[in-house]
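Written out below as structure tokens is the structure these notes cover.
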Amino acid sequence: MGKSKKNRDDVAFISLAVAALVLIIFVLIVVLSKTLASYDMPFLVTRSEEGLDRLGQIGDFFGGILNPLLSFIAFVAVVVSFRAQARNSKLAEESSNALSANQASQLEQLVKQGLIAERQSFENVFFGLLQIHSKNVQGFTFSVGGYSEVGQSAFSAVEARYNFNKLLSVPVNQAQWPGVVSNNIELFSVHINPLLGHFFNTASQILTYVETADNLSDLEKNRYVKIYTSTMSRAEMECLFLCLMSSYTLEKLRLFNGVSFFAGHSADDMLKEMKRRQFFGMSDLT
């Protein structure tokens, strides 16, 4: 609509200029006719001094009339040229703005597509690790009293064997607690850690992978960690905790201090917490 309005304005301006030009030519013809009618025509074909003077007067008259006429025509041409240049400049500006907006939109779409692809790549690896974790759980075997427990039952058997609640139920002098805790962790480290090495390594990879993801906010990291922990049973959680608390993995646990799963608790703090509760029952860690 804007373009058609500009075209109508241009046509109206040119029509007005042409009408003015026609009027000027008409007036010129009328004046010229009247002027020629007032002269004696034979002077046009004679070379007398009087005839030459009259021809000079006619030339001056034509010059006086044509000068403003030509000036007006030149003015119209300049105005039309300026208007055309202004219109072309504005069209070029609009085209440039539209191109810039289109490029900005395309860039935004590319950024969004990149973020989506990056998130999909992250989730493919994350859920792939969860599948490995599930296979590790299903394949774990633990022998108790001559019977072999498999999968979740095996983890439950390990939890029952190294359960801190059982230790807590036995009256022990508080001064003996460090030795009791240390002994229980040592037994777990010697007998269970070798059996569950692949389980612990996968857990470490999952938590580290989430924590080091650059494209996730802290809230999103917590959400993915909760997705992972929601797949774990109470027995699995306690086995993971006991593994990380064992003597030879204590330094590894300190590497987990920044992971949201253990947020706010250093390795040494968690060692102290072990003397009171099981890992899964600690409300400030779940």
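Residue numbers (our numbering): 724 to 1009.
Cβ atoms here follow ideal geometry from the backbone N, Cα and C, with glycine treated the same way.
Please read all numbers here as calculations on a predicted model, not as lab measurements.
Check your understanding: In or out: Ser927 buried (at least 16 other Cβ within 10 Å) or exposed?
Key -> buried
Practice item. Helix, strand or coil for Thr925, going by three-state DSSP, please let me know. Key: helix
Check your understanding: Residue ranges of each beta strand (DSSP E) run of no fewer than 3 residues wholly in the region 804 to 887, ordered along the chain?
Key -> 864 to 867, 870 to 873
**Study point:** Length of the line joining the Cα atoms of Asp937 and Val948
**Key:** 15 Å
Practice item. Starting from Thr954, trace the alpha helix (DSSP H) both ways and give me its first and last residue. Key: It is not in any alpha helix (DSSP H) - Thr954 carries neither H nor E in the DSSP assignment.
**Study point:** Candidates Ala880, His921, Pro917: closest to Arg1010 by CA position
**Key:** Here the chain has residues from 724 to 1009 only, and residue 1010 is not among them.
Practice item. In angstroms with no decimal places, state the Cα-to-Cα distance between Tyr816 and Gln843. Key: The identity of residue 816 in the sequence shown is Glu, whereas the question assumes Tyr. Between Glu816 and Gln843, the C-alpha separation is close to 40 Å.
Check your understanding: In whole angstroms, what separates the C-alpha of Ala1024 from that of Leu838?
Key -> Any question about residue 1024 goes unanswered here, given that the chain covers just 724 to 1009.
**Study point:** At least three beta-carbon pairs within less than 8 Å, the region 905 to 917 to the region 805 to 822
**Key:** no
Point to revise | Among Gln854, Ala877, Val801, Asn847, the one whose alpha carbon lies nearest that of Phe863 | key: Ala877
Check your understanding: What is the DSSP secondary structure of Arg945, counted as helix, strand or coil?
Key -> Note on identity: in this sequence residue 945 is Asn, with Arg being the wrong assignment. It is helical.
Exercise for review: For my contact list, Tyr932 and Val848 are in at a C-beta cut-off of 8 Å; report their separation, rounded to the angstrom.
Suggested key: 7 Å
Review point. In three-state DSSP terms, what is Asn907?
Key: helix
Review point. CB His856 to CB Thr925, shorter than 8 Å?
Key: yes
Check your understanding: Nearest to Val873 by CA position, among Gln808, Leu965, Ile748, Glu959, is which residue?
Key -> Glu959
Check your understanding: When you compare only the Cα positions, how much space is there between Lys920 and His914?
Key -> One detail in the question is off: residue 920 reads as Gly in this sequence, not Lys. The alpha-carbon atoms of Gly920 and His914 are separated by roughly 11 Å.
Point to revise | Counted within 10 angstroms of its Cβ, other Cβ atoms place Leu822 as buried (16 or more) or exposed | key: exposed
Exercise for review: Whole angstroms is fine: what's the gap from Glu846's alpha carbon to Val867's?
Suggested key: 38 Å
Review point. Helix or strand or just coil, what does DSSP make of Ala797?
Key: helix
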